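Asker:
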């Protein structure tokens, strides 16, 4: 199995490639390298928001709407891994089973595997595989996020923030972090009380910001379970993609992302080269001393680097 | 691989044997740079069977044993289950059926797996199945049947020993 099977659309090969990449297997790395030049065609959309706001349901409805428009759709759904055992229960897919057998849809679930920014360690790489497979749109569903899990903004081109009413006063909408990364805001479960008020609050927050930005985030009301507002959201996503392309935002982001990628790889390689078995042993010794306050962590690091 | 009621007693020791170099406690998140394979399991409920307590108990137990568990939810067709197993590249499928339709559903799933070129995936089953059906299920390719009262540790051990990682 190699990258050609992925490009040919062999589902089993695509899935296996994803596993190898996620497990950081050298074979996965080879595939990823070969696929790189075949990426860049998909529109990558992130869906983020607190647990239970309806991300999975909305992703499913979006996928259905996109399929109706004749698109090929990739979905990456992230759920948390246990910090204790590393295990995970990946349950986003439950709400998407109706499209599981559609040959033009590929759904992949991921555990965060220790990553804290709302995505898994290799989410961006898995998105690349779906991009290379020929997905027109890739939907990335984050874990249920709080205020600061904003990794998704670096992995996607259009970022959708999903909100529901009843979670706090308007001060919440003014806070830094997740409210800053939205290209589109969605107030889901809009049939519940307080939805209109939340729309106003978000609008007020946005209007206080940059006066003449290239893109003004729309605020869309949806009832995902009933498909209400979903078409409007799809239109909004498409519009954002178009504007981002035309204004150069996308190109700029692409370069930023490439920089991050290079940095990450350099850092990983350096760490791998540095942390030999002896150094790891040394660190194990030193951490006891640091814990017992016999040594400070800077001194310990100095010794690891110099010895 | 679900069991009937009253079979969850085995979950006392959530063994934490993770793939990499993990230390003793949970001080550092178990995403070791350099990765390593994490066992992926699909817990699936085929057919018109609304009982998933056993499946959920097993899913939880496998999660606590450090595996990544994908749960399909209730009332899935064999096609949906096989498509999911392929896309998620699981090492194991745990089928659960308490409705009596296992002799129709399980062999159909095995057949579809073969057609998808995914018959290297380990398939286990559980639920309520008459004793005389078990050999027939095994003949269709199901590796083992976990009936009511099975200990979770035994399921975890069986999976660890029998997956065919490539």
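Protein chains in written order, with the numbering used here: chain W, 336 to 642; chain V, 21 to 186. Positions of the beta carbon are idealized from the N, C-alpha and C atoms, including for glycine. Source: prediction; values computed, not measured.
What residue range does the alpha helix (DSSP H) around residue 419 (chain W) cover?
Answerer: Segment: none, residue 419 (chain W) is in no alpha helix (DSSP H) and carries neither H nor E.
Asker: Quick check: what's the CA-CA separation for residue 510 (chain W) versus residue 585 (chain W)?
Answerer: Distance between the alpha carbons of residue 510 (chain W) and residue 585 (chain W): 25 Å.
Asker: Under the rule that 16 or more other beta-carbon atoms within 10 Å means buried, what is residue 482 (chain W), buried or exposed?
Answerer: It is exposed - the Cβ of residue 482 (chain W) has fewer than 16 other Cβ atoms within 10 Å.
Asker: Indicate the three-state DSSP secondary structure (helix, strand or coil) for residue 135 (chain V) in the structure shown.
Answerer: Residue 135 (chain V): helix per DSSP, three-state reduction.
Asker: Can you tell which of W:413, W:627 and W:492 has the C-alpha that lies nearest to the C-alpha of residue 587 (chain W)?
Answerer: Closest by alpha carbon: W:492.
Asker: Can a CB atom of chain V be found closer than 9 Å to the CB of residue 600 (chain W)?
Answerer: With 9 Å as the cut-off, residue 600 (chain W) does not count as an interface residue toward chain V.
Asker: Would you say residue 42 (chain V) lies against chain W (beta-carbon separation less than 9 Å)?
Answerer: Note on residue 42 (chain V): pLDDT 38, under 50, position unreliable in the model; the coordinate value appears next. Answer yes: the Cβ-Cβ gap between residue 42 (chain V) and chain W drops below 9 Å somewhere.
Asker: Report the three-state DSSP secondary structure of residue 57 (chain V) (helix, strand or coil).
Answerer: The answer is coil: DSSP assigns residue 57 (chain V) none of H, G, I, E or B.
Asker: Measure from the C-beta of residue 432 (chain W) to each C-beta in chain V and report whether the shortest distance is under 9 Å.
Answerer: Yes, because at least one Cβ of chain V sits closer than 9 Å to the Cβ of residue 432 (chain W).
Asker: Where does residue 514 (chain W) sit, in a helix, a strand or coil, going by DSSP?
Answerer: Helix at residue 514 (chain W).
Asker: Helix, strand or coil, according to DSSP, for residue 43 (chain V) in the structure here?
Answerer: Residue placement at residue 43 (chain V) is poorly supported in this model, since its pLDDT is 37, which falls under 50; the coordinates still yield a value, given next. Residue state, collapsed to three classes: coil.
Asker: Return the residue from the list W:427, W:468 and W:367 that minimises the CA-CA distance to residue 407 (chain W).
Answerer: Nearest C-alpha to residue 407 (chain W): W:468.
Asker: Kindly list, in the order they appear in chain W, the residues whose Cβ is closer than 9 Å to that of residue 92 (chain V).
Answerer: Going along chain W in sequence order, the residues near residue 92 (chain V) (Cβ under 9 Å) are 428, 429, 432 and 435.
Asker: Any beta-carbon of chain W closer than 9 Å to the one on residue 84 (chain V)?
Answerer: Yes, residue 84 (chain V) counts as interfacial toward chain W.
Asker: Could you check whether the Cβ of residue 99 (chain V) sits closer than 9 Å to any Cβ belonging to chain W?
Answerer: Yes, residue 99 (chain V) lies at the interface with chain W (some Cβ there is under 9 Å from its Cβ).
Asker: For residue 638 (chain W), name the three-state secondary structure that DSSP assigns.
Answerer: Correct three-state label for residue 638 (chain W): helix.
Asker: Measuring CB to CB, does residue 108 (chain V) end up less than 9 Å from residue 428 (chain W)?
Answerer: It is a contact, given that the beta carbons lie within the stated cut-off.
Asker: Just confirm the distance between the C-beta atoms of residue 521 (chain W) and residue 555 (chain W), as a whole number of angstroms; I'd bet it's less than 8 Å.
Answerer: Their Cβ separation, rounded to whole angstroms, is 5 Å, which keeps residue 521 (chain W) and residue 555 (chain W) in contact under 8 Å.
Asker: Find the nearest neighbour of residue 380 (chain W) within the set W:363, W:401 and W:386, judged by alpha-carbon distance.
Answerer: Here the closest residue by C-alpha is W:401.
Asker: Have a look at residue 362 (chain W) and residue 56 (chain V) and give me their C-alpha separation to the nearest angstrom.
Answerer: Roughly 12 Å separates the two Cα atoms.
Asker: Give the residues of chain V in contact with residue 346 (chain W), contact being defined as C-beta atoms less than 7 Å apart.
Answerer: Near residue 346 (chain W) (Cβ distances below 7 Å), the residues of chain V are 106 and 107.
Asker: Give me the DSSP bridge partner(s) of residue 443 (chain W).
Answerer: Paired residues: W:411.
Asker: For a quick check, are the C-beta atoms of residue 129 (chain V) and residue 150 (chain V) less than 9 Å apart?
Answerer: Not closer than 9 Å, so no.
Asker: Using 8 Å for Cβ pairs, my map puts residue 141 (chain V) next to residue 105 (chain V). What's the rounded Cβ distance?
Answerer: With 8 Å as the limit, residue 141 (chain V) and residue 105 (chain V) qualify as a contact, their Cβ atoms being about 6 Å apart.
Asker: Cβ atoms of residue 92 (chain V) and residue 118 (chain V): under 9 Å apart, would you say?
Answerer: Result no, Cβ atoms of residue 118 (chain V) and residue 92 (chain V) do not sit closer than 9 Å.
Asker: So, does the stretch 388–397 of chain W touch the stretch 454–470 of chain W, judging by three or more C-beta pairs under 8 Å?
Answerer: Judged by Cβ distances under 8 Å, the stretch 388–397 of chain W makes no contact with the stretch 454–470 of chain W, as fewer than three pairs qualify.
Asker: Report, in whole angstroms, the separation of the C-beta atoms of residue 353 (chain W) and residue 443 (chain W), which I expect to be a contact under 8 Å.
Answerer: The Cβ separation is near 6 Å, so the contact holds.
Asker: Could you give the residue range of the alpha helix (DSSP H) that holds residue 451 (chain W)?
Answerer: That residue, residue 451 (chain W), is in no alpha helix (DSSP H); it is neither H nor E in DSSP.
Asker: According to the Cβ coordinates, are residue 452 (chain W) and residue 415 (chain W) closer than 9 Å?
Answerer: No.
Asker: Note down, one range per segment and in chain order, each alpha helix (DSSP H) of at least 4 residues found wholly within the stretch 84–130 of chain V.
Answerer: Listed in chain order, they are 98–108.
Asker: For residue 87 (chain V), go through chain W and note every residue whose CB falls closer than 7 Å to its CB, in chain order.
Answerer: Result: 422.
Asker: Using DSSP with H/G/I as helix, E/B as strand and the rest coil, what is residue 21 (chain V)?
Answerer: Below a pLDDT of 50, predicted positions are generally treated as unreliable, and residue 21 (chain V), at 42, falls in that range; no measurement from the model is reported.
Asker: Which residues in chain W sit within 7 Å of residue 131 (chain V), going by Cβ to Cβ distance?
Answerer: Simply none; closest approach about 15 Å.
Asker: Should residue 46 (chain V) be flagged as near chain W, meaning a C-beta pair shorter than 9 Å?
Answerer: Reliability fails at residue 46 (chain V), whose pLDDT of 36 lies under 50, so the model's placement of it is uncertain and no value is given.
Asker: Using only the alpha-carbon positions, how far apart do residue 600 (chain W) and residue 527 (chain W) sit?
Answerer: Spanning the two alpha carbons is a distance of roughly 46 Å.
Asker: In chain W, which residues lie with their C-beta within 9 Å of the C-beta of residue 64 (chain V)?
Answerer: Here the premise fails: no neighbours, minimum Cβ distance about 10 Å.
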